[in-house]
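**Q** Below is one structure. I have some questions about it.
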Amino acid sequence: MSTTDFRSAAFLKEHIRLIMAFYHPRCVDPAGGFFQNFRDDGSIYDADTRHLVSSTRFVFNYAKAARFFNEPEYLDLAR
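What follows is the structure, given as structure tokens:
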């Protein structure tokens, strides 16, 4: 039986990639900012409610992912 090394760089990189793939681009509000309330299937269930901490997390995560994956589109969204 094999076990997953949750601390390995390869696992963590893939995990981050999958998380970004879940949210991007569906979290981007064309009117500005980020949608923040999603069902498990990724559909948005509340397009209007925004929270400061959640908004900050999206900006931070996009900025870090832009550097980590060298993805200019992520950096544009963080700005």
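Quick note on the working numbering: the sequence shown kicks off at 546 and runs consecutively.
C-beta atoms are modelled at their ideal positions from N, C-alpha and C, and glycine is treated no differently.
#1: On a Cα-Cα basis, can you pick out the residue from F614, I589, D591 that is closest to L563?
#2: Applying the 10 Å Cβ sphere with the 16-neighbour rule, what's the burial state of F580?
#3: Give me the residue from H560, L620, S588, K558 with the minimum Cα distance to R571.
#4: Locate the beta strand (DSSP E) running through D586, then write down its first and last residues.
**A** From the atom records:
#1: Closest option to L563, Cα to Cα, is F614.
#2: Buried, because 16 or more other Cβ atoms sit within 10 Å of the Cβ of F580.
#3: S588
#4: Note, D586: premise wrong, no beta strand (DSSP E); not H, not E.
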